[in-house]
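Visitor: Before I ask anything, here is the structure I am working with.
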Amino acid sequence: AVLEKLESESFSDIGSIFNATGMAMMSSMGGASGALFGTLFRSGAKNLAKKPVFDSLSLSEFIVSANEGVQARGGASPGDKTMIDALDPAANESLKSKELPIGKALEAVACAAESGRDQSKGMIATMGRAKTLGEKSVGHPDAGACSIAIIFRAMAEFANN
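If you count the sequence shown from 1, you need to add 2 to reach this note's numbering.
Written as structure tokens, this is what we have:
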């Protein structure tokens with residue numbers, strides 16, 4: 003749905019690309035994940051209007067706004083075993099990486115997200131579908147944190163190849 007949306011329209015700035023991505027996700031993905039991933043891209047897009055280039059500063063603005071938007075929408079905090087456990091460290095790393103070339107900044111952000119994903123293995127799920135598992139969720143990474151790590155790893159690989 004996202005690819006179809008992006009290929010069927012023309013965009014004048016980075017913000018409109020991310021906003022369209024979020025809208026496509028919200029309309030095509032079921033359950034809470036569609037709303038949360040849609041919020042991630044739409045919240046992240048807010049500071050990128052009229053920006054024709056996606057650089058390290060834009061990356062930081064995107065991730066910080068996305069993190070705030072997803073936390074506000076879903077009510078999760080770091081340690082709840084959700085996508086926030088990868089998104090929050092990625093946002094923090096992006097603030098430290100604003101002066102780096104985009105490829106290096108994305109690599110740092112991807113590593114931070116992967117670290118957060120890995121740390122979610124030791125947590126007990128307190129939100130989302132996995133919360134019904136309680137202690138059984140320990141030892142498995144959160145699916146949303148895995149998705150965030152995959153997104154930022156793909157962005158880093160694209161920028162560096």
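We put the beta carbon where it would ideally sit given N, CA and C, even for glycine. Being a predicted model, the structure only gives us computed values, none of them experimental.
Within 10 angstroms of its Cβ, does threonine 134 collect 16 or more other Cβ (buried), or is it exposed?
Guide: Exposed, since its Cβ has fewer than 16 Cβ neighbours within 10 Å.
Visitor: Could you say if the segment 26-37 and the segment 58-66 meet the contact criterion of at least three C-beta pairs nearer than 8 Å?
Guide: Contact fails: fewer than three Cβ-Cβ distances are below 8 Å.
Visitor: Just to check my reading of the structure: isoleucine 19 and leucine 5 have Cβ atoms closer than 8 Å, yes? What is that Cβ distance to the nearest angstrom?
Guide: Not really, about 12 Å apart at Cβ, beyond 8 Å.
Visitor: Using a 10 Å radius around the Cβ and a threshold of 16 neighbouring Cβ atoms, would you call alanine 114 buried or exposed?
Guide: Flag for alanine 114 reads buried.
Visitor: Terminal residues of the continuous alpha helix (DSSP H) containing isoleucine 153?
Guide: First-last of the alpha helix (DSSP H) with isoleucine 153: 145-162.
Visitor: Nearest by alpha-carbon distance to alanine 127: which of Leu97, Pro91, Ala78 is it?
Guide: Among Leu97, Pro91, Ala78, the Cα nearest to that of alanine 127 is on Ala78.
Visitor: Among Ser99, Phe56, Pro91, Asn163, which one has its Cα closest to the Cα of alanine 147?
Guide: The candidate whose alpha carbon is nearest that of alanine 147 is Pro91.
Visitor: Out of Ile153, Ile86, Ile16, Glu101, which has the shortest C-alpha to C-alpha gap to asparagine 49?
Guide: Comparing Cα positions, the closest option is Ile16.
Visitor: Which residue comes first and which comes last in the alpha helix (DSSP H) that contains aspartate 6?
Guide: Checking the sequence, you will find glutamate at residue 6 rather than aspartate. 4-10 is the span of the alpha helix (DSSP H), which, as asked, contains glutamate 6.
Visitor: Starting from aspartate 87, trace the alpha helix (DSSP H) both ways and give me its first and last residue.
Guide: Counting along the chain, the alpha helix (DSSP H) containing aspartate 87 begins and ends at 86-98.
Visitor: For a quick check, are the C-beta atoms of leucine 102 and alanine 68 less than 8 Å apart?
Guide: Their beta carbons are not under 8 Å apart, which means leucine 102 does not touch alanine 68 by this criterion.
Visitor: Compute the Euclidean distance between the alpha carbons of alanine 161 and isoleucine 153, then round it to the nearest angstrom.
Guide: Cα-Cα distance, rounded: 12 Å.
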